Amino acid sequence: MTTSAPTRLLILGATGAVGSEVLRLALAHPQVQQVVAPTRRPLNQWAGHPKLANPVTDFSSASQALAGHEVDAVVCALGTTIRQAGSQAAFAAVDRDLPWALAREAQRLGARCLALNSSLGASASGNFYLRTKFEAETALRSLGFASYTVVRPSLIDAQRAQSRPGEQAGLWVARLLGPLVPRRYRPVSATAIAQALLDAVLVATPGERIIESEHIAPA
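Under numbering that gives the first Met the number 0, the residues of the sequence shown are numbered 0 to 218, in order.
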């Protein structure tokens, strides 16, 4: 796939803060031929859009979720919190296991490049959250996509449907301290993260790269 090739794009997590921005940008992008966005609830805002295929699914089966749609590229913005998931096991199922299963099915359907929204500090030696993010990166790497990009944002500056008190507190502190906060730890807009993810799969540079938070271009 080249920078000028029409692209059939799978978006995982299209109802989230980052994923919904990827969806908006992708539907408007002339290179994107089709967007496949499986969700638990219909994307009513985009109903009838000529580029959009929106399988409604419970994600119990990867093949059922993707509904056989052939795709060229995947943007994965799936994510939750331990509080919202209800347990560490449920969190890992959403943030690590489900992305791997869906990406493997997308690969079977033709995908050759993938961009993952991960987290600043993802590491095998981090806390449970950061270890799980690192394990997700590792699991997706093992699939051997020809082009693989990991984006590791700091705090995500966005309006969320579900409140995340810890994130909101962090954003408040970061705004209060302003330029005193090192660039790596400053909040990043959901739009900027989405643009980095979309650019990665449309350019589809061979091999792997990791984009740390301070290298995400402002929206």
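Just so you know, even glycine gets a beta-carbon here, dropped at the ideal spot from N, CA and C. Bear in mind the structure is a predicted one, so any value in this text is a computation, not a measurement.
{"Query": "With 16 other Cβ atoms within 10 Å as the buried cut-off, status of glutamate 207", "Result": "exposed"}
{"Query": "Buried/exposed call for arginine 40, threshold 16 Cβ in 10 Å", "Result": "exposed"}
{"Query": "Helix, strand or coil at asparagine 43 according to DSSP, with G and I counted as helix", "Result": "helix"}
{"Query": "Contact set for serine 122: own chain, Cβ-Cβ below 8 angstroms, skip 5 residues either direction", "Result": "Leu129, Arg130 and Phe133"}
{"Query": "The stretch 46 to 55 / the stretch 69 to 76 touching (three or more Cβ pairs under 8 angstroms)", "Result": "no"}
{"Query": "For leucine 9, the three-state DSSP class (helix, strand or coil)", "Result": "strand"}
{"Query": "Rounded separation between tyrosine 184 and glycine 12 - CA only", "Result": "24 angstroms"}
{"Query": "Among Ala203, Ile210, Glu213 and Pro217, nearest to leucine 8 - alpha-carbon criterion", "Result": "Ala203"}
{"Query": "Bridge partner(s) assigned by DSSP for serine 220", "Result": "Past the edges of the chain, shown from 0 to 218, lies residue 220, and the structure says nothing about it."}
{"Query": "Three or more C-beta pairs below 8 angstroms linking the stretch 146 to 153 and the stretch 101 to 118", "Result": "yes"}
{"Query": "Presumed contact (8 angstroms Cβ cut-off) between leucine 77 and valine 35, rounded CB distance", "Result": "Contact doesn't hold; Cβ gap of about 14 angstroms is too wide."}
{"Query": "Contacts around tryptophan 171, its chain only, beta-carbon distance under 8 angstroms, and the 5 residues preceding and following it disregarded", "Result": "With a pLDDT of 47 at tryptophan 171, under the threshold of 50, the predicted position of this residue should be treated as unreliable, though the coordinate-derived value follows. Cβ within range, chain order: n/a, list empty."}
{"Query": "Status (buried if at least 16 other CB within 10 Å, exposed otherwise) for phenylalanine 144", "Result": "buried"}
{"Query": "The beta strand (DSSP E) enclosing valine 21, as first and last residue numbers", "Result": "It is not in any beta strand (DSSP E) - valine 21 instead sits in the alpha helix (DSSP H) that spans 16 to 27."}
{"Query": "Alpha-carbon spacing of threonine 80 relative to alanine 91, whole angstroms", "Result": "10 angstroms"}
{"Query": "Among Gly125, Leu197, Ser86 and Glu213, the one whose alpha carbon lies nearest that of valine 17", "Result": "Leu197"}
{"Query": "For glutamine 30, the first and last residue of its enclosing alpha helix (DSSP H)", "Result": "Element bounds for glutamine 30: n/a, residue is neither H nor E."}
{"Query": "Bounding residues of the alpha helix (DSSP H) (the contiguous stretch that carries alanine 88)", "Result": "87 to 91"}
{"Query": "Start and end residues, beta strand (DSSP E) containing alanine 36", "Result": "Element bounds for alanine 36: n/a, residue is neither H nor E."}
{"Query": "Helix, strand or coil at glycine 136 [DSSP, three-state]", "Result": "It should be pointed out that residue 136 corresponds to glutamate in this sequence rather than to glycine. Glutamate 136 falls in the helix class under three-state DSSP."}
{"Query": "7 angstroms Cβ cutoff met for alanine 135 and leucine 101", "Result": "no"}
{"Query": "N-terminal and C-terminal residue of the alpha helix (DSSP H) that alanine 105 is part of", "Result": "97 to 107"}
{"Query": "Where valine 200 sits in the DSSP three-state scheme", "Result": "helix"}
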